[in-house]
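> Each residue of the sequence shown is one higher than the one before, counting from 11 in our numbering.
For every residue, glycine included, the Cβ atom is placed at its ideal position computed from N, Cα and C.
I'd like to ask you about the structure that follows.
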Amino acid sequence: MFFRNRRWPLKLNPFPSFSLAVGAALVALTASGQVNSNLTLEQAIQLANQHNHSLLAARTTILQNQAAEIQANVRPNPTFFADWEYLPLSSPAGINFLDYLHDSTEGDIGLSYLFERGEKRQHRLEAAQDTTAVTRATVTDNERTLGFQVAQLYVNAQLAQSTLQLARLDLKSFQDTVNISQRQREIGAMSENDFLQIKIQLVQFQTDVEQAELSKAQALSDLRQQLGYESVPDEYDIAEDLEYRPVMLKLDDLQKKALENRPDLKAAQLGITAANSQYTLAKANGKQDFTLQANYSHVNSISAFSFSFSIPLPIFDRNQGTIAQTRYAIAQAREQKKLTNGQVLTDVRDAYLAAVSNDKILQIYRNGPLDDAKRSRDISEYAYRRGAIALLDFLNAERNYRATELAYRQAVAAYVTSIEQLRQAVGSRSLN
Numbered sequence: 011m012f013f014r015n016r017r018w019p020l021k022l023n024p025f026p027s028f029s030l031a032v033g034a035a036l037v038a039l040t041a042s043g044q045v046n047s048n049l050t051l052e053q054a055i056q057l058a059n060q061h062n063h064s065l066l067a068a069r070t071t072i073l074q075n076q077a078a079e080i081q082a083n084v085r086p087n088p089t090f091f092a093d094w095e096y097l098p099l100s101s102p103a104g105i106n107f108l109d110y111l112h113d114s115t116e117g118d119i120g121l122s123y124l125f126e127r128g129e130k131r132q133h134r135l136e137a138a139q140d141t142t143a144v145t146r147a148t149v150t151d152n153e154r155t156l157g158f159q160v161a162q163l164y165v166n167a168q169l170a171q172s173t174l175q176l177a178r179l180d181l182k183s184f185q186d187t188v189n190i191s192q193r194q195r196e197i198g199a200m201s202e203n204d205f206l207q208i209k210i211q212l213v214q215f216q217t218d219v220e221q222a223e224l225s226k227a228q229a230l231s232d233l234r235q236q237l238g239y240e241s242v243p244d245e246y247d248i249a250e251d252l253e254y255r256p257v258m259l260k261l262d263d264l265q266k267k268a269l270e271n272r273p274d275l276k277a278a279q280l281g282i283t284a285a286n287s288q289y290t291l292a293k294a295n296g297k298q299d300f301t302l303q304a305n306y307s308h309v310n311s312i313s314a315f316s317f318s319f320s321i322p323l324p325i326f327d328r329n330q331g332t333i334a335q336t337r338y339a340i341a342q343a344r345e346q347k348k349l350t351n352g353q354v355l356t357d358v359r360d361a362y363l364a365a366v367s368n369d370k371i372l373q374i375y376r377n378g379p380l381d382d383a384k385r386s387r388d389i390s391e392y393a394y395r396r397g398a399i400a401l402l403d404f405l406n407a408e409r410n411y412r413a414t415e416l417a418y419r420q421a422v423a424a425y426v427t428s429i430e431q432l433r434q435a436v437g438s439r440s441l442n
């Protein structure tokens with residue numbers, strides 16, 4: 011019987027995806043043993059791949075499976091046995107004790123060995139190696155999922171930073187308005203009631219800044235947990251601002267690339283191979299093994315050798331239940347592969363539609379409302395300072411401007427997140 015590949019001796023190398031290129035990239039992240047305090051998104055993902063404890067724990071399953079390969083490849087141990095029978099409880103009367111041991115007792119010493127038939131050991135090793143391959147692909151899929159989680163948290167931190175910058179700019183601008191209003195109040199050009207309303211409104215701007223600072227601190231804390239808490243300094247920050255970068259996308263190309271790259275689909279394909287290996291092993295285990303035994307016996311002063319052969323008769327147990335079970339498992343693995351194939355295409359399509367939709371929303375803001383809200387706020391502020399409009403109209407314009415700016419930043423974050431989701435769906439950081 012021939013096999014696909016007798017893959018031994020074994021080599022414990024569980025992390026083939028972490029090549030020297032990744033190591034060099036990680037070296038670039040460090041200076042004097044400490045990670046750079048300002049991280050780009052790609053650096054954050056690399057750090058997570060290197061230090062995320064959940065991922066590191068998952069990688070140990072590869073080592074566990076490779077250890078199982080070693081065990082699967084071992085041969086049965088021989089059995090040594092010895093006995094000495096008819097020993098007297100007391101010294102026989104009138105007989106020399108040593109003569110009695112030589113002439114009237116029986117001693118046996120020998121070895122037996124179980125010979126496996128059906129090349130069980132090779133099939134065990136093959137099944138174990140196929141299981142390891144599935145596990146390795148599954149761990150790679152964990153890396154894909156982790157990459158999206160890190161990207162999502164990074165975008166949250168970018169949005170929090172952008173919101174904080176907006177809140178600080180709004181606070182500074184409104185503080186100037188309060189200062190001007192105070193001078194107008196002092197010279198009698200503004201009523202005390204209007205001035206008090208202006209001061210009360212300032213509280214909201216100050217609160218916005220405090221809330222934005224808290225949001226950013228929490229976003230960085232959540233991101234740090236995914237990167238590996240101890241892998242970054244306490245006062246680390248993100249290096250990239252939230253920006254709109256349009257990406258040219260073609261659904262057919264993305265789906266084709268996903269079918270080539272997705273590690274969960276690869277794991278499902280390898281699952282079929284592993285199921286076939288288990289089926290072959292089950293059939294091999296149905297073949298009965300035989301035992302050869304050889305022993306030396308000393309009986310009543312006579313020395314002799316004896317040999318024996320034994321093999322179970324496969325009348326009832328031929329491992330038929332396990333064989334049938336593993337055969338059905340092959341059909342299950344094939345259906346799982348079809349399910350995963352459809353899920354890959356669905357994931358790409360959903361992410362693509364989300365990216366296209368979010369891009370259209372962004373264009374709505376960029377084609378007028380964003381500039382209109384700023385111009386309206388500036389005009390209202392100019393007019394209010396010169397007494398041309400009422401305080402309520404000015405505050406209204408200010409609120410509209412803040413709401414529009416915040417909504418735009420959230421739309422940018424949604425678009426960037428959808429692009430990251432598309433990268434996860436495709437299974438590659440590159441969408442080209």
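Grouping DSSP H, G and I as helix and E and B as strand, with all else coil, what is Gln-279?
helix
> When the Cβ atoms of the segment 143-150 are set against those of the segment 333-341, are three or more pairs found closer than 8 Å?
no
> Does Val-354 pass the burial test, meaning 16 or more other C-beta atoms within 10 Å, or should it be called exposed?
Buried.
> Alpha carbon to alpha carbon, what distance is there between Leu-349 and Ala-161?
27 Å
> Per the contact definition of three or more C-beta pairs closer than 8 Å, is the segment 400-420 in contact with the segment 239-250?
Taking 8 Å as the limit for Cβ pairs, the verdict is that the segment 400-420 does not touch the segment 239-250.
> Of all the options Arg-328, Ala-284, His-112, Thr-70, which has the alpha carbon lying nearest to the alpha carbon of Lys-347?
Of Arg-328, Ala-284, His-112, Thr-70, the residue nearest in Cα terms is Ala-284.
> Secondary structure at Asp-244, three-state DSSP: helix, strand or coil?
coil
> According to DSSP, is Gln-298 helix, strand or coil?
coil
> For Pro-273, count neighbouring C-beta atoms within 10 Å of its own C-beta (all shown protein chains included) and say buried if the count is 16 or more, exposed if not.
By the 10 Å Cβ count, Pro-273 comes out buried.
> Would you kindly report the start and end of the unbroken beta strand (DSSP E) that includes Arg-116?
Here residue 116 turns out to be Glu, not Arg, going by the sequence shown. Run containing Glu-116: 116-125, per the beta strand (DSSP E) assignment.
> With 16 as the cutoff for other CB atoms within 10 Å, does His-112 come out buried or exposed?
exposed
> Report, in whole angstroms, the separation of the C-beta atoms of His-133 and Thr-332, which I expect to be a contact under 8 Å.
Actually they do not touch by this definition, with Cβ atoms about 13 Å apart.
> Rounded to whole angstroms, how far is the Cβ of Asn-310 from the Cβ of Ser-114, which I believe are closer than 8 Å?
7 Å
> Could you pull out every residue in the same chain whose Cβ sits closer than 6 Å to the Cβ of Ala-138, ignoring the five residues on either side in sequence?
Only Ala-78, Glu-79, Ala-82 meet the Cβ criterion.
> For Thr-70, name the three-state secondary structure that DSSP assigns.
In the structure shown, Thr-70 sits in a helix (DSSP, three-state: H, G or I).
> Kindly indicate which residue of Ala-278, Leu-57, Thr-70, Ala-249 has the alpha-carbon position closest to the one of Gln-159.
Leu-57
> Run through the segment 292-351 for me and flag every whole beta strand (DSSP E) of 3 or more residues, listed as ranges in chain order.
300-309, 312-320
> Keeping to the same chain, check which residues put their C-beta closer than 6 Å to that of Thr-301; ignore five residues upstream and five downstream.
Ser-122, Leu-124, Ser-320
> For Asp-3 and Glu-129, I'd like the C-alpha separation in whole angstroms.
In this structure the chain extends from 11 to 442, so residue 3 is not present and cannot be described.
> Taking 6 Å as the limit between beta carbons, can you name the residues of its chain near Arg-195, skipping five residues before and five after?
Closer than 6 Å at the Cβ level, and outside the excluded window around Arg-195, lie Phe-205.
> At 4 residues or longer, what runs of the alpha helix (DSSP H) sit wholly inside the segment 348-416?
379-395
> Is it right to say Leu-169 is buried, meaning 16 or more other beta carbons lie within 10 angstroms of its own, or is it exposed?
buried
> Please name the residue in Asn-377, Gly-238, Asn-329 whose C-alpha comes closest to that of Asn-59.
Gly-238
> According to DSSP, is Arg-95 helix, strand or coil?
According to the sequence as given, residue 95 is Glu; it is not Arg. It is a strand residue.
> Secondary structure at Leu-264, three-state DSSP: helix, strand or coil?
helix
> Whole angstroms are fine: how far does the CA of Ala-393 sit from the CA of Arg-433?
48 Å
> Applying the 10 Å Cβ sphere with the 16-neighbour rule, what's the burial state of Tyr-362?
For Tyr-362, the number of other beta carbons within 10 angstroms of its own is at least 16, and it is reported as buried.
> Give me the residue from Ser-241, Ala-268, Phe-404, Thr-427 with the minimum Cα distance to His-63.
It is Ser-241.
> Can Asn-271 and Ser-428 be called in contact, C-beta distance under 7 Å?
A distance of 7 Å or more separates the beta carbons of Asn-271 and Ser-428.
> Within its chain, find whatever has a CB closer than 7 Å to the CB of Val-422; leave out the 5 residues flanking it on each side and keep chain order.
Leu-252, Tyr-254, Leu-372
> Rounding to the nearest angstrom, what Cα-Cα distance links Val-436 and Ala-54 in this structure?
20 Å
> Could you say which of Asp-262, Gly-120, Ala-249, Ser-172 lies nearest to Ser-316 if we only look at CA atoms?
Gly-120
> Between the segment 85-97 and the segment 255-262, do at least 3 Cβ pairs fall closer than 8 Å?
Under the three-pair Cβ rule at 8 Å, the segment 85-97 does not count as touching the segment 255-262.
> Roughly how many angstroms lie between the CA atoms of Ser-101 and Ile-312, to the nearest whole one?
Taking the straight line from one Cα to the other gives about 22 Å.
> Hey, how far is the Cα of Val-426 from the Cα of Val-165?
7 Å
> Who are Thr-89's beta bridge partners in DSSP?
Ser-122
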